[in-house]
Amino acid sequence: VGRSGADGAHLTGIAALAEAIGALKPAHIAGVGGLRTRHDAMEAAEREADYVLFGEPGPDGRMPPFEVTVERVGWWAEVFESPCVGYATTLDEVSAVAAAGADFVALDDRLLDDPRGAAAALADAAGRLGLVLAARPEVTP
Numbered sequence: 001v002g003r004s005g006a007d008g009a010h011l012t013g014i015a016a017l018a019e020a021i022g023a024l025k026p027a028h029i030a031g032v033g034g035l036r037t038r039h040d041a042m043e044a045a046e047r048e049a050d051y052v053l054f055g056e057p058g059p060d061g062r063m064p065p066f067e068v069t070v071e072r073v074g075w076w077a078e079v080f081e082s083p084c085v086g087y088a089t090t091l092d093e094v095s096a097v098a099a100a101g102a103d104f105v106a107l108d109d110r111l112l113d114d115p116r117g118a119a120a121a122l123a124d125a126a127g128r129l130g131l132v133l134a135a136r137p138e139v140t141p
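Following the UniProt record's numbering, the numbering of the sequence shown begins with 1 at its first residue and continues without gaps.
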């Protein structure tokens, strides 16, 4: 991270977070995904991860059920202060994870593989986020 100029690293799993956090913090961001259970997510918080990611594909490429992603995002947003990222493969999923309380949305490559181009897909996703944020009384887009 240091020589590359990156702000931090995204890590997969508690073991990777535990191994890297001492070298990253406090100068760099340490985020973590690959959290398959609530317990994993709480352990990431205890280990001072700067953010958690829910819903990304596993090492085998399989996606967790989207309903689980939405549930985890909503739970995290209600209970924890640190930011939460929700993973989305469609525009409807962008809206759903944002409505559940995600602070950020990670977009799957399939979403960006739009025949109109990635810029159009990003504009659509930003529009969806704007609608959700406008509906939140405590947030202004």
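For every residue, glycine included, the Cβ atom is placed at its ideal position computed from N, Cα and C.
Here the structure is a predicted model, which means the values were calculated and not measured.
So the candidates are the options; which of them puts its Cα closest to the Cα of residue i?
i: Ala-23; options: Leu-122, Ala-9, Arg-36 and Gly-34; result: Ala-9
i: residue 142; options: Gly-74, Leu-107, Ala-106 and Gly-117; result: In the structure displayed, the chain extends from 1 to 141; residue 142 sits before or after that span and is not available.
i: Leu-122; options: Asp-103, Glu-78, Ala-88 and Ala-6; result: Ala-88
i: His-28; options: Asp-40, Arg-3 and Arg-38; result: Arg-3
i: Asp-50; options: Asp-124, Leu-17 and Glu-67; result: Leu-17
i: Ala-77; options: Arg-62, Ala-102 and Met-63; result: Ala-102
i: Glu-67; options: Gly-58, Asp-7 and Phe-54; result: Phe-54
i: Ala-96; options: Glu-19, Leu-129, Pro-83 and Gly-5; result: Leu-129
Can you tell me whether residue i is buried or exposed? The criterion is at least 16 other CB atoms within 10 Å of its CB, across all chains shown.
i: Ala-44; result: buried
i: Thr-69; result: buried
i: Val-52; result: buried
i: Glu-93; result: buried
i: Leu-131; result: exposed
i: Ala-135; result: exposed
i: Arg-72; result: buried
i: Glu-81; result: exposed
i: Glu-56; result: buried
Can you tell me which of the three DSSP states residue i falls into?
i: Pro-66; result: According to the sequence provided, residue 66 is Phe. The question's Pro does not apply to it. In the structure shown, Phe-66 sits in a helix (DSSP, three-state: H, G or I).
i: Ala-88; result: strand
i: Val-94; result: helix
i: Arg-79; result: Before going further, note that residue 79 is Val rather than Arg in the sequence given. Three-state result, Val-79: helix.
i: Val-73; result: helix
i: Gly-22; result: helix
i: Asp-40; result: helix
i: Asp-60; result: coil
i: Asp-124; result: helix
What are the partner residues of residue i, as DSSP defines its beta bridges?
i: His-10; result: Gly-31
i: Ala-106; result: Tyr-87
i: Leu-129; result: The partner list for Leu-129 (beta bridge, DSSP) is empty, contrary to what the question assumes.
i: Val-52; result: Val-32 and Cys-84
Assuming residue i contacts residue j (C-beta within less than 8 Å), just tell me the rounded distance between them.
i: Leu-112; j: Thr-90; result: Actually they do not touch by this definition, with Cβ atoms about 12 Å apart.
i: Ile-14; j: Glu-48; result: About 12 Å; that fails the 8 Å criterion.
i: Ala-106; j: Val-85; result: 5 Å
i: Ala-30; j: Leu-11; result: 7 Å
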